[in-house]
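Peer 1: Following this message is one structure expressed as C-alpha cells.
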Amino acid sequence: MERYQAATMAAVKTKTCRRCQAKYDPSKNTTSLCRFHPSFFVCRRHDDQKRYYELGPNDPPYAAKFYDCCGAEDPDASGCATDYHISYDD
Numbered sequence: 017m018e019r020y021q022a023a024t025m026a027a028v029k030t031k032t033c034r035r036c037q038a039k040y041d042p043s044k045n046t047t048s049l050c051r052f053h054p055s056f057f058v059c060r061r062h063d064d065q066k067r068y069y070e071l072g073p074n075d076p077p078y079a080a081k082f083y084d085c086c087g088a089e090d091p092d093a094s095g096c097a098t099d100y101h102i103s104y105d106d
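With positions in the sequence shown counted from 1, the corresponding number in the numbering used here is that position plus 16.
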C-alpha cells in the first residue's frame, strides 16, 4: 500500500509541458529543459526554396513548409528555443 501511495504521489508531482509535451518535475524546472519552436510551422515562400516536403495540390509552386522562427523544414525538428517548461495549469 505504501509503495502505491509513493507512486501516486510521484505521478501527481509531474506535469506535462504545453510547449514540448514532455513530462517534467516542477521542482527541477530550469531555463534549459524545454526545447520548442516559438513560432508556427507555415506554408509560404521560403527564401532558399529548399523543400523538405512535397507540396500539396493546392499549394502555390513557390511555397515551402517550414518553421517561421528558424526555417527548419522538418515538422519534427527539435526546438530552436529553450526556456522553462510551462504546464497547462500555469
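The beta-carbon is built from N, C-alpha and C at its ideal position, and this holds for glycine as well.
Using the C-alpha atoms, what's the distance from residue 56 back to residue 85?
Peer 2: So the two alpha carbons sit approximately 7 Å from each other.
Peer 1: Give the single residue among 89, 74, 52 and 60 whose Cα lies nearest to the Cα of residue 34.
Peer 2: For residue 34, the nearest C-alpha among the options comes from 52.
Peer 1: Assuming residue 30 contacts residue 44 (C-beta within less than 8 Å), just tell me the rounded distance between them.
Peer 2: Their Cβ separation, rounded to whole angstroms, is 10 Å, which puts residue 30 and residue 44 out of contact at 8 Å.
Peer 1: In chain order, what residues of the same chain lie with their CB nearer than 7 Å to the CB of residue 99, ignoring the 5 residues before and after it?
Peer 2: Here the set comprises 47 and 50.
Peer 1: Give the C-beta separation of residue 36 and residue 95 to the nearest angstrom, bearing in mind that I take them to be a contact with Cβ-Cβ under 8 Å.
Peer 2: Going by Cβ atoms, the distance from residue 36 to residue 95 rounds to 7 Å, so yes, they are a contact pair.
Peer 1: Three-state secondary structure (DSSP) at residue 55?
Peer 2: Note: residue 55 maps to coil in three-state DSSP.
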